[in-house]
Structures are given as C-alpha cells and as structure tokens.
Amino acid sequence: MHLALSAALDRDELFALYQPQMATHSLKVVCAEALIRWSRPGLGMIGPDDFVPFAEHNELIDGLGAFILKRACQTAAGWGDLPVAINVSPLQFARADLADFILSVAARAGLPLSRLEIEITETAPFADMDAACRVIDRLRSQGVLVSLDDLGSGYATACLMRELRLDRVKLAKSVVDTAATDSGAAGVATLIREARNLGLSVTAEGVETPEQLAFVTSCGCDRVQGFLFARPMSGEDVSAFAGLTPE
Numbered sequence: 702m703h704l705a706l707s708a709a710l711d712r713d714e715l716f717a718l719y720q721p722q723m724a725t726h727s728l729k730v731v732c733a734e735a736l737i738r739w740s741r742p743g744l745g746m747i748g749p750d751d752f753v754p755f756a757e758h759n760e761l762i763d764g765l766g767a768f769i770l771k772r773a774c775q776t777a778a779g780w781g782d783l784p785v786a787i788n789v790s791p792l793q794f795a796r797a798d799l800a801d802f803i804l805s806v807a808a809r810a811g812l813p814l815s816r817l818e819i820e821i822t823e824t825a826p827f828a829d830m831d832a833a834c835r836v837i838d839r840l841r842s843q844g845v846l847v848s849l850d851d852l853g854s855g856y857a858t859a860c861l862m863r864e865l866r867l868d869r870v871k872l873a874k875s876v877v878d879t880a881a882t883d884s885g886a887a888g889v890a891t892l893i894r895e896a897r898n899l900g901l902s903v904t905a906e907g908v909e910t911p912e913q914l915a916f917v918t919s920c921g922c923d924r925v926q927g928f929l930f931a932r933p934m935s936g937e938d939v940s941a942f943a944g945l946t947p948e
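The letter at position 136 of the sequence shown is residue 837 when you use our numbering, and the numbering goes up by one with no holes.
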C-alpha cells in the first residue's frame, strides 16, 4: 500500500468530499467538514479509516494532510461566509512549523482564518503534547478554531478535552449511538455537560434519527452532523445544499 498511496498523491486519485454541519436551533448549515477519499484503481472509493492510520505509521501523513488542507481551503474560499472544518492528525502537531503552514495555505487560498476550523482526529496519540499545545495556541491566536474530534472513543478522551486548549469537541458516532440505552444516554449527557462546563461548544456526529437529534439537542449540543441531514458531497453540492451564492 505504501507505493500505491504515495503514487495516489501524484496521480490525482485523492479527493475531498464535504459533510454539512447543522445548527441545532435552526437546522441551517453552519459549517462543512472536509473528508478525504481515495479512488484507487481496481478497488473503487476507499474511506479514510482504511488508509489514514497506515499513512500515520508509514511517514505519509504529512503529504495527505497537506493535500486535504490545500484542497479544502481552495474549495471553501468560494463558499461565501460558510466555514470549513479540516482534519489534522495528532502526529502532525509535533511539527513546530505546522501552525505557520496551515496559516500560509489558508492565506494563499484566500480563505479568511475566521472561516477555518482545524479538527484534531483520534487516529493516533499525540507525539508531543507540549508541542501540540503550542500549535493550538498559535492557531487560535490568529482566529482559527480548533476542535477535538471523536470525543468518547479511541484516543480522544475526556482527559484530552481538559488538557488541550480548544474551542469545540465532537462526540463520536459510536457515543451518540449509545444514547438509545439508559446507561448510554447518561454517559452522553455527562460528556456534553463536562464540555459545556469547560466553555466548549459541542457537535454530535453520526446523528441518523430524529430521536438522536432531539436527545443531543436537549443535552446542550449546538451543532449536529450525520446522515439525517446530509451525506458527504462535493464542494459544489455544499453550495447548493446551503443555498450559498458562489463568489
């Protein structure tokens, strides 16, 4: 896979889709998350879970991260006032120049920093927590929002929510799914309450039913994302879905 993934960066096999995020109080589109995909010859479309962890462990994550950052910033620059959320691996936060790189990519794309949100994925542990905090502080000082993805599963634990200086957390789909049980509902409510007590905004991922929407809204989530509203789509379709006027 190493050679194939390396070649994919040069052969235009990687692309981005975008999934809208909705405000719970209005159900209007308030952001769209960029999601990397790989159209691998002979195998069709491959989701990030099948190749991003491999990239992280085989020194390919910087190339993938640069690709999705550049592509998403370029696309979102034409969305009017709609922000874009872009995933960054925790391993990339060990780079001292990461913040400056992100800022320069957004500037070249013409994307205002107030419309950029960096999501820290949970696919790998942080290589250097102090370095990560410095990157986060630098980004936030320039107006970029920083969120912790997949809270409640994998490496994205409630402990990280307290350690990192963040603007937002995103509840993992697996956590939202547990809300159908009494014990699961209590756990979801506790995570949301703790995040809100820390002054963080909360997005619920993987919302697929009206019952899940009603529950996470009642617990204090201000954004929701999931198949109940929209599947990942092209950048052009985001514009149409959100009723944006192209720039």
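Every residue, glycine too, gets a C-beta built ideally from N, C-alpha and C.
In terms of Cα proximity to Ser740, the closest of Glu714, Ile762 and Tyr719 is Glu714. A Cβ-Cβ separation of about 12 Å leaves Glu757 out of contact with Asn788 under the 8 Å criterion. It is roughly 26 Å from the alpha-carbon of Asp829 to the alpha-carbon of Leu706. Ile737 is bridged by DSSP to Ala717.
Just measuring C-alpha positions, the residue of Phe942, Ala735 and Val730 sitting nearest Glu818 is Ala735. Secondary structure note for Asp838: its alpha helix (DSSP H) is the uninterrupted segment Met830 to Ser842. In this structure, the CA atom of Ala886 is about 16 Å from the CA atom of Val903. Using a 10 angstroms sphere on the CB of Asp750, the tally of other CB atoms stays under 16, which defines it as exposed. Within the same chain, Ala880 come within 6 Å of Phe916 by CB-CB distance, once the 5 residues on both sides are set aside. In the DSSP assignment, Asn788 falls within the unbroken beta strand (DSSP E) covering Val785 to Val789.
Runs of the alpha helix (DSSP H) spanning 4 or more residues and lying entirely within the region 762-814 occur at 762-777 and 799-810, in chain order.
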